[in-house]
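Below is one structure; the comments refer to it alone.
Protein chains: 2
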Amino acid sequence: MTTQQLVEQIYKKKSFLCIGLDVDLNKIPKHLLKEEDPIFEFNKAIIDATHHLAVGYKPNTAFYEAYGVHGWKSLEKTINYINKKYPEVFTIADAKRGDIGNTSTMYAKAFFEDLSFDSVTVAPYMGKDSVEPFLAFKNKHTILLALTSNQGAFDFQTKDTEGVELYKQVLKVSKSWENSENLMYVVGATKAEYLSDIRKIIPDSFLLVPGVGAQGGSLLDVCKYGLNEQVGLLINSSRGIIYASNEHDYAEAAAKKAFELQQEMQAILK
Amino acid sequence: MTTQQLVEQIYKKKSFLCIGLDVDLNKIPKHLLKEEDPIFEFNKAIIDATHHLAVGYKPNTAFYEAYGVHGWKSLEKTINYINKKYPEVFTIADAKRGDIGNTSTMYAKAFFEDLSFDSVTVAPYMGKDSVEPFLAFKNKHTILLALTSNQGAFDFQTKDTEGVELYKQVLKVSKSWENSENLMYVVGATKAEYLSDIRKIIPDSFLLVPGVGAQGGSLLDVCKYGLNEQVGLLINSSRGIIYASNEHDYAEAAAKKAFELQQEMQAILK
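Note that the protein sequences, when read in sequence, are chains A and B. Heads up, the first sequence is in my numbering, so the first residue is 66 and it goes up one at a time. Heads up, the second sequence is in my numbering, so the first residue is 66 and it goes up one at a time.
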């Protein structure tokens, strides 16, 4: 998917919401556990109920890998379902991968080719040659961790690194990498006050913003500092939407939560 | 597995060799491709031929994920085979994971519980609360990226961060994390000259050292600066061993290469 197609979808749906599909068998409605593939059934119902309100879905791979081969199969069925039934939707493999060149190429193949995701999250610690293999894929997007939503972000990311915070080094340096037009960045909603500085370095890039909802980030603050001319934000909510109810009405409850966020976004886009 | 058991195995086998199982279907002998699971058949033959020469095996998860559900199944069969037939061997899931707390817990479950690996490699960028969920597992080892073997290591890892290089910050800060006795560190063999400085910060930790062989690192240099009182090194070679031949004799050829390295290690241990 091109960035232009993503922007068009945002204006059409009046939403820049992304829904995180972090499915934990201990948290989904009990009646689903008797299904052959509870994770996929859960995702399918959530997607069917929210696809008109969200522009993206973001399965976090950890929640699938924890269930081994069965989990990976649920992930494959989920992405195939989205790509077939809702091909306009932007898909994110939240995998936080990154390794030496030939290995990153294998990860890129796993997510861009085998699973046909539009994008994947990547950690920057190993530098240029660990990220460029992802960037080489045309119309695919590499979402680099910059400033994450957790407390541990203050351990290294905000430390002074040759005159600026490490996450700013990551933003600056990565701009010079080959095919850097395929980069997006992760910036946590819990760090909204950092966004005006971030926008000075990367005014045009899309940001994936987790941390609204369960982690306590504010949508209004994020938009105040983070919006750019083509919106430039994908706001993710996972637990706040998908676990709105753990009864039979879970999909409707998720849609209701997604609708509330979409309505806030519609007001902001005006 | 405890560190003590690993050390005992090193002295028994007179080896601190770890073999990387990075299986690329384009590189393995052609005759294996007609097998139902070529990756597992390849691994099985390599493991059977080298288990007396190596103390560890390190499948890199990228090479399995690239083949989707089939690949994940090959990974599961490989680790189950090692754990059943050679339970004394130390196993490393080279996965380079790391995410916010509840997600890292799911990754830890995936590799320590579902797949029963002894250890997993983890990226430090997201800080303490992204690593501690791995450290919470008893007799399991979290191998934190410190200074990697690739060129991109110079993009961020060696940059001055509040007075010392970032990788040294990672070493220092991580020592204060809960259950830090379960930490090991990745230091690339191509950066052997950094090892004496590294040993000043973490004299007692085990280091996983990739980059000997195909990437050009020197075993002697690594040992000169990196050995400690309980050896403290796991030297990994992947492509240099497993692709020694791509004919029917591939397992024997791998064993020959592994034997050469084991002999060098035996001389060093004396």
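Glycine is no exception: its CB is placed at the ideal position from the N, C-alpha and C atoms.
- Only those residues of the segment 181-210 of chain A whose C-beta falls short of 8 Å from the nearest C-beta of chain B are listed: 188, 189, 190, 191, 192, 193, 194, 195, 196 and 210.
- In this structure the segment 88-105 of chain A touches the segment 133-143 of chain A; the number of beta carbon pairs closer than 8 Å is three or more.
- The DSSP-derived three-state label of residue 171 of chain B is helix.
- Per DSSP, the beta bridge partners of residue 206 of chain B are B:184.
- Remark: C-beta atoms of residue 157 of chain B and residue 121 of chain B approach each other more closely than 9 Å.
- Against residue 215 of chain A, the close residues of chain B are 165, 166, 191, 192, 194 and 195, in the order they occur along the chain (beta-carbon pairs closer than 8 Å).
- For residue 157 of chain A, the enclosing beta strand (DSSP E) covers residues 155-162.
- Think of a sphere of 7 Å around the beta carbon of residue 257 of chain A: no beta carbon from chain B falls inside it, the nearest being about 17 Å out.
- Sequence-distant partners of residue 276 of chain A (beyond 5 residues in either direction) whose C-beta falls short of 6 Å from its own C-beta, in its chain, are 214, 253, 254, 255 and 282.
- The segment 226-243 of chain B makes contact with the segment 212-232 of chain A, as at least three CB pairs between them are under 8 Å.
- The three-state secondary structure of residue 191 of chain B, taken from DSSP, is coil.
- Membership of residue 276 of chain B in any alpha helix (DSSP H) is not indicated, and neither H nor E is assigned to it by DSSP.
- Among the CB atoms of chain A, one or more fall inside 9 Å of the CB of residue 125 of chain B.
- The secondary-structure analysis by DSSP pairs residue 83 of chain A across a beta bridge with A:121 and A:301.
- With three or more CB-CB distances shorter than 8 Å, the segment 172-190 of chain B counts as touching the segment 182-202 of chain A.
- With respect to residue 208 of chain B, residue 184 of chain B sits close: the two C-beta atoms are nearer than 9 Å.
- DSSP places residue 311 of chain B in the coil class of the three-state scheme, outside both helix and strand.
- Excluding five sequence positions before and after residue 148 of chain B, the CB atoms of its chain that fall closer than 8 Å to its own CB belong to 156 and 181, given in chain order.
- Membership of residue 134 of chain A in the alpha helix (DSSP H) is indicated by the continuous run 133-150.
- Residue state for residue 249 of chain A is assigned as strand, using DSSP reduced to three classes.
- Of the other Cβ atoms in all chains shown, 16 or more fall within 10 Å of the Cβ of residue 206 of chain A; this residue is therefore buried.
- Scanning B:117, B:197, B:174 and B:86 for the CA closest to the CA of residue 143 of chain B turns up B:86.
- Classified as exposed, residue 285 of chain A has fewer than 16 neighbouring CB atoms from the shown chains inside 10 Å of its CB.
- Here residue 81 of chain B has 75, 120, 296, 298, 299, 300 and 330 as same chain residues with Cβ atoms under 7 Å from its own Cβ, once five neighbours each way along the sequence are excluded.
- A Cβ-Cβ distance of about 6 Å is found for the pair residue 154 of chain B and residue 116 of chain B, placing them in contact under the 8 Å criterion.
- Close to residue 238 of chain B, with beta-carbon spacing below 8 Å, are these residues of chain A in chain order: 220 and 221.
- When 7 Å is used as the limit between beta carbons, residue 131 of chain A is near these residues of chain B: 171, 174, 175 and 179, in chain order.
- The beta-carbon separation of residue 211 of chain A and residue 236 of chain A, rounded to 6 Å, stays under the 8 Å limit for a contact.
- Below the 9 Å Cβ cutoff, chain B contributes 226, 227, 231 and 234 as neighbours of residue 224 of chain A, in chain order.
- At least one beta carbon of chain B lies nearer than 9 Å to the beta carbon of residue 162 of chain A.
- DSSP places residue 68 of chain B in the uninterrupted alpha helix (DSSP H) bounded by 68-78.
- Residue burial annotation: residue 269 of chain B is exposed, with fewer than 16 other C-beta atoms found within 10 angstroms of its C-beta.
- Each of A:70, A:233, A:241 and A:217 was checked against the Cα of residue 200 of chain A, and the nearest Cα belongs to A:241.
- Per DSSP, the continuous alpha helix (DSSP H) segment holding residue 291 of chain A begins and ends at 284-291.
- Using a Cβ distance threshold of 9 Å, residue 320 of chain B and residue 118 of chain B count as a contacting pair.
- For residue 312 of chain A, there are no C-beta contacts with chain B under 8 Å, since the nearest C-beta of that chain is about 22 Å from it.
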